[in-house]
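J.: Under my numbering, the first residue of the sequence shown is numbered 46, with each subsequent residue one higher.
Every residue gets a Cβ at the ideal spot worked out from N, C-alpha and C, and that includes glycine.
Predicted model, so just to flag it, every value in this text is computed and none were measured.
Got a structure here, written out as structure tokens. Questions coming.
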Amino acid sequence: MRQRIATACGVLVATAVTAAVWGRAQETTVPDTARLQQMAARFAPTDIGADLTALSEADRRVLAKLVEASTLIDALFLRQVWAGNEAMLLDLVRDESPAGRARLHYFLINKGPWSRLDHNQVFVPGAPAKPDAANFYPPGASKPEIERWIQSLPKTERSRATGFFSVIRRAGAGFSTVPYSVEYQGELARAAALLREAANLAAAPTLKAFLAMRADAFLSNDYYESDIAWMELKGAIEPTIGPYEVYEDEWFNYKAAFESFITVQDEAETAKLQRFAGELQDIENNLPIEARHRNPKLGALAPIVVVNEIFAAGDANRGVQTAAFNLPNDERVVREKGTKRVMLKNVQDAKFARTLVPISKVVLSPADQQAVSFEAFFTHILVHELMHGLGPHNISVNGHQTTVRQELKEASSFLEEAKADISGLFGIQHMIDKGVLPKALESSLYRTFLASAFRSIRFGVNEAHGKGIAVQLNFLIDQGGFQVKPDGTFTVDADRAKEGVMALTRDIMTIQAEGDYAKAKALGNRLGVVRPPIQAALDKLAAVPVDIEPRFVTAAQLSGR
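The structure is reproduced here in structure tokens:
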């Protein structure tokens with residue numbers, strides 16, 4: 046617990062503590078100490094680190110600077126989630142009681158006083174319900190009020206108001222758009238200084254360029270050039286630091302949360318996977334959607350890297366841990382340069398061993414259990430990230446150019462995650478049929494995915510990945526691809542599963558291509574739920590960890606240099 050307390054204090058030192066305006070407490074009973082400890086135990090403490098013996102002394106100093114900058118990102122993310130987070134954290138650090146220690150531990154896992162695995166249940170007395178608007182929009186403002194204001198703006202101002210890198214604040218009787226570089230000026234100025242120090246130490250030219258450009262972006266609020274530089278990174282050190290994912294903005298999915306992944310590249314695994322980049326256009330050309338919805342020319346640069354994680358912060362380290370990511374999300378960069386897929390291999394290894402294998406022993410039939418493999422798990426996560434870059438992104442609705450994200454609003458996140466998963470199965474099957482991947486992978490693919498679906502749905506259907514998995518699981522059960530046996534275990538009918546994968550890929554990508562918000566919502570409402578047979582299987586998993594709680598052992602060694 047001492048290490049956790051030290052982390053909390055470091056966050057508070059790194060940022061100014063805001064005044065706590067916690068609002069009306071949620072009217073529910075908070076978990077007692079014993080129950081809270083049980084809830085935290087669903088995250089298995091796991092050492093996460095990497096072998097740095099091949100790195101130079103200068104490279105290790107670069108990593109230490111990047112870890113230090115990431116602690117600032119952690120603090121900044123707390124403020125983005127809720128204005129009262131920092132003040133509540135300070136109170137929890139001072140509380141030496143057993144209940145206070147348990148609350149602090151779970152607060153740090155969730156980055157706030159809400160249990161993300163339990164429909165954001167409040168677990169700290171006095172905390173409000175988790176705000177759907179996070180801290181991106183003015184307290185007291187309503188969603189319709191903000192929507193009307195946005196629609197009243199001229200086109201250029203509307204683009205800024207709905208963009209990734211700004212918050213909305215009150216201005217007299219109305220509202221105004223405030224850039225992140227102003228809203229978070231203190232944290233970003235300090236983080237920029239650390240990135241410049243790291244850039245001065247870096248030997249790799251592309252790393253030096255990215256760190257310098259990202260430092261500039263923190264102060265200018267223009268991330269385009271640094272996103273391009275991030276796409277072109279070459280070398281052992283692979284940092285991802287900045288505002289990216291929009292999951293915390295549950296009103297519109299407009300606003301990007303800050304996160305950081307400090308990693309080192311696994312060169313041997315990366316070289317194996319580069320061949321997949323050459324298959325993307327062929328998969329796009331064969332997607333089961335109308336030809337007019339396909340992209341005839343994907344972005345030219347689509348790197349894939351396999352890395353081992355040293356440290357994660359902010360949106361990258363809250364609740365369930367990220368196994369892979371596909372960035373950037375800025376449609377300009379995606380259109381012009383494609384996206385980069387980053388596979389966190391040591392995190393995936395930990396998740397497979399600590400969660401997926403034990404789950405498969407409970408939910409799959411004995412025959413299906415034998416087919417579960419890390420190769421299928423790893424390959425699907427990879428192709429999931431590939432598929433984020435395929436399919437509809439920039440679309441036309443009623444004659445005007447827009448994006449899937451803008452049209453589908455809060456429904457865009459769960460639908461995009463479902464698309465990447467289900468079309469990932471489609472893409473793998475396409476490569477198996479083509480001979481790019483071995484035929485032997487087919488047997489384990491759908492069975493490993495089925496076990497992994499139970500792993501992901503435990504994250505909660507209020508979370509984008511969990512809801513997206515529920516949609517797929519229910520759809521494939523309805524199609525007969527996944528079947529419930531009399532003993533409550535699940536089995537796979539591979540032929541029907543293939544048909545279901547193609548049908549759901551078509552449905553989701555067509556909704557995206559048409560920007561059909563009503564259909565997206567209807568799909569989520571109908572299938573994004575936990576049905577009784579699934580719940581019965583989930584009830585048997587109480588003793589299996591839901592995910593890992595990382596202990597960044599290599600980062601701790603670097604920080605102690």
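What does the alpha-carbon distance come out to for the pair G68 and G185?
T.: Bear in mind that the predicted position of G68 carries a pLDDT of just 37, short of 50, making it unreliable; the figure below should be weighed with that in mind. The alpha-carbon atoms of G68 and G185 are separated by roughly 10 Å.
J.: Can you tell me whether W296 is helix, strand or coil according to DSSP?
T.: Correct three-state label for W296: coil.
J.: Could you check what DSSP says for R69 in three-state terms: helix, strand or coil?
T.: The predicted position of R69 is uncertain, since its pLDDT is 36 and thus under 50; no value can be drawn from it.
J.: For the beta strand (DSSP E) containing V350, name the first residue and the last one.
T.: Taken as a continuous stretch (DSSP letters only), the beta strand (DSSP E) holding V350 covers I349 to G359.
J.: Can you list the alpha helix (DSSP H) stretches of 4 or more residues lying completely in the segment 532 to 582, in chain order?
T.: List check, alpha helix (DSSP H) in window: 539 to 559 and 562 to 572.
J.: With a threshold of 8 Å, are at least 3 pairs of Cβ atoms found where one atom belongs to the segment 189 to 196 and the other to the segment 275 to 288?
T.: No, because fewer than three Cβ pairs between the segment 189 to 196 and the segment 275 to 288 fall closer than 8 Å, the two stretches do not touch.
J.: Spatial neighbours of L149 within its chain, please: C-beta separation below 6 Å, excluding the five flanking residues on both sides.
T.: So the qualifying residues of the chain are L137.
J.: Which value, in whole angstroms, describes the spacing of the CA atoms of R576 and D523?
T.: Using only the alpha carbons, I get a separation of about 12 Å.
J.: Taking all protein chains shown into account, decide if K382 is buried (16 or more other Cβ within 10 angstroms of its Cβ) or exposed.
T.: Flag for K382 reads buried.
J.: Compare the C-alpha of A13 against each of E354, M258, Y269 and D327 and name the closest.
T.: Limits of the chain in this structure are 46 at one end and 606 at the other, which puts residue 13 out of reach.
J.: By alpha-carbon positions, which one of D272, V75, E508 and N331 ends up nearest to Q366?
T.: For the residues D272, V75, E508 and N331, the minimum Cα distance to Q366 belongs to E508.
J.: Counting along the chain, where does the alpha helix (DSSP H) carrying P250 start and finish?
T.: Start and end: P250 to S265.
J.: With G280 as the anchor, note down where its beta strand (DSSP E) starts and where it stops.
T.: Premise fails: G280 is in no beta strand (DSSP E) and is neither H nor E.
J.: Just to confirm before moving on: does the CB-CB distance between T493 and S410 stay below 8 Å?
T.: Cβ atoms of T493 and S410: not closer than 8 Å.
J.: Looking only at its own chain, which residues have a Cβ that is under 6 Å from the Cβ of P76, when we skip the five neighbours before and after it?
T.: Closer than 6 Å at the Cβ level, and outside the excluded window around P76, lie F168.
J.: Between the beta-carbon of K396 and the beta-carbon of E314, is there less than 8 Å?
T.: For K396 and E314, no; Cβs fall outside 8 Å.
J.: Taking D92 as part of the beta strand (DSSP E), name the residues at either end of that continuous run.
T.: F88 to I93 is the extent of the beta strand (DSSP E) around D92.
J.: Who are the Cβ neighbours of G280 in its own chain at under 6 Å, not counting the five residues just before and after it?
T.: Excluding positions up to five away in sequence, the list reads A249 and L252.
J.: Is the Cβ-Cβ distance between I154 and P595 less than 8 Å?
T.: Not a contact, by the Cβ cut-off of 8 Å.
J.: Which runs of the alpha helix (DSSP H) fall wholly inside the segment 135 to 200 and span at least 4 residues, in chain order?
T.: Correct list: 143 to 155 and 188 to 197.
J.: Our contact map puts T424 next to L486 with C-beta atoms below 8 Å; I'd like the distance itself, whole angstroms only.
T.: Going by Cβ atoms, the distance from T424 to L486 rounds to 7 Å, so yes, they are a contact pair.
J.: Spell out the partners DSSP gives E447 in its beta bridges.
T.: Before going further, note that residue 447 is Thr rather than Glu in the sequence given. Note: T447 sits in a beta bridge opposite I440.
J.: With T599 as the anchor, note down where its beta strand (DSSP E) starts and where it stops.
T.: From DSSP, T599 is part of no beta strand (DSSP E) but of the alpha helix (DSSP H) over V598 to S604.
J.: Going along the chain, which residues of its own chain have a beta-carbon closer than 6 Å to the beta-carbon of N570, five neighbours each way excluded?
T.: Taken in chain order, the list of residues that qualify is empty.
J.: For the putative contact between I579 and L518, defined by C-beta atoms under 8 Å, what is the C-beta separation to the nearest angstrom?
T.: About 7 Å separates the two Cβ atoms, so the contact holds.
J.: Identify, in the order they occur along the chain, each residue of the same chain with its Cβ nearer than 8 Å to the Cβ of L57, setting aside the five sequence neighbours on each side.
T.: Because L57 sits at a pLDDT of 41, beneath the cut-off of 50, its placement in the model cannot be relied upon, and the following sentence gives the value as read from the coordinates. Hits under 8 Å: A120, E131, L134, L135 and V138.
J.: Going by the DSSP bridge assignment, what does S221 pair with across the sheet?
T.: In DSSP, S221 forms a bridge with R214.
J.: For F181, which of L123, P158 and N371 has the nearest alpha-carbon?
T.: Residue L123 is the option with its Cα nearest to F181.
J.: Helix, strand or coil for L346, going by three-state DSSP, please let me know.
T.: With a pLDDT of only 45 at L346, under the threshold of 50, the placement of this residue in the model should not be trusted; the figure read from the coordinates follows. Residue state, collapsed to three classes: coil.
J.: Am I right that V516 and G472 are in contact with their C-beta atoms under 8 Å? What's the rounded C-beta distance?
T.: At roughly 18 Å, the Cβ-Cβ gap does not stay under 8 Å, so V516 and G472 are not in contact.
J.: Relative to the C-alpha of Q125, which residue among L586, I273, F527 and I213 is closest?
T.: Minimum Cα distance to Q125 is reached at I213.
J.: For the putative contact between A565 and A456, defined by C-beta atoms under 8 Å, what is the C-beta separation to the nearest angstrom?
T.: A565 to A456, Cβ: 4 Å. Contact.
J.: Can the beta-carbon of Q414 be found less than 8 Å from the beta-carbon of K406?
T.: In contact: Q414 and K406 (Cβ atoms closer than 8 Å).
J.: Can you find the residues in the same chain that come closer than 8 Å, C-beta to C-beta, to E202, ignoring five residues on each side of it along the sequence?
T.: Correct list, in chain order: T222.
J.: Look at the Cβ atom of F220, then the Cβ atom of P170, and state whether they are nearer than 8 Å.
T.: Cβ atoms of F220 and P170: not closer than 8 Å.
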